[in-house]
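Position 34, counted from 1, in the sequence shown is what the working numbering calls 143; the numbers after and before it change by one each time, with no gaps.
Glycine included, each C-beta is placed from N, C-alpha and C at the ideal position.
Below: one structure, written as C-alpha cells.
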Amino acid sequence: MKTIKQEVDLSVLPEEARKVIFDFYQFMVQRYVHPKLKKEVSDDKRKLLNKLLPKSVKRFTPLKRDEIYAR
Numbered sequence: 110m111k112t113i114k115q116e117v118d119l120s121v122l123p124e125e126a127r128k129v130i131f132d133f134y135q136f137m138v139q140r141y142v143h144p145k146l147k148k149e150v151s152d153d154k155r156k157l158l159n160k161l162l163p164k165s166v167k168r169f170t171p172l173k174r175d176e177i178y179a180r
C-alpha cells in the first residue's frame with residue numbers, strides 16, 4: 110500500500126468547515142490508529158485545537174449612549 114504524506118491548509122476554509130474536518134479526523138483516529146500511536150496524535154490534536162479555537166480577547170466595556178453620539 111502506498112503511503113501518502115501531504116499537508117492540508119485548513120486556513121482557506123471557513124471556521125465551520127474546519128470544525129467538521131477536525132471532527133471527522135478525530136473519528137478516523139479513533140477507528141484506525143494503533144493505541145500506542147494515539148498519544149502522539151493527541152499532542153498533534155491539541156496543537157490543531159489551539160489554532161482553531163477562539164482566542165481570548167480583552168473584556169468588552171459597553172459604550173454609554175451619550176458617548177456614542179458625542180462629537
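Hey, residue i and residue j are a contact pair by Cβ (cut 8 Å); roughly how many whole angstroms apart?
i    : j    : result
L157 : F131 : 7 Å
L162 : R127 : So it is not a contact: roughly 10 Å between Cβ atoms.
Quick check on residue i - is its C-beta less than 8 Å from some C-beta in chain C?
i    : result
P163 : Within the model displayed, chain C is absent; a lone protein chain is all it includes.
Quick check: the Cα distance between residue i and residue j, rounded to an integer number of angstroms?
i    : j    : result
E176 : F169 : 15 Å
D153 : S165 : 21 Å
Which two residues bound the contiguous alpha helix (DSSP H) that contains residue i?
i    : result
F133 : 124-141
R174 : 174-178
Can you tell me whether DSSP reads residue i as helix, strand or coil?
i    : result
K114 : coil
L161 : helix
R168 : coil
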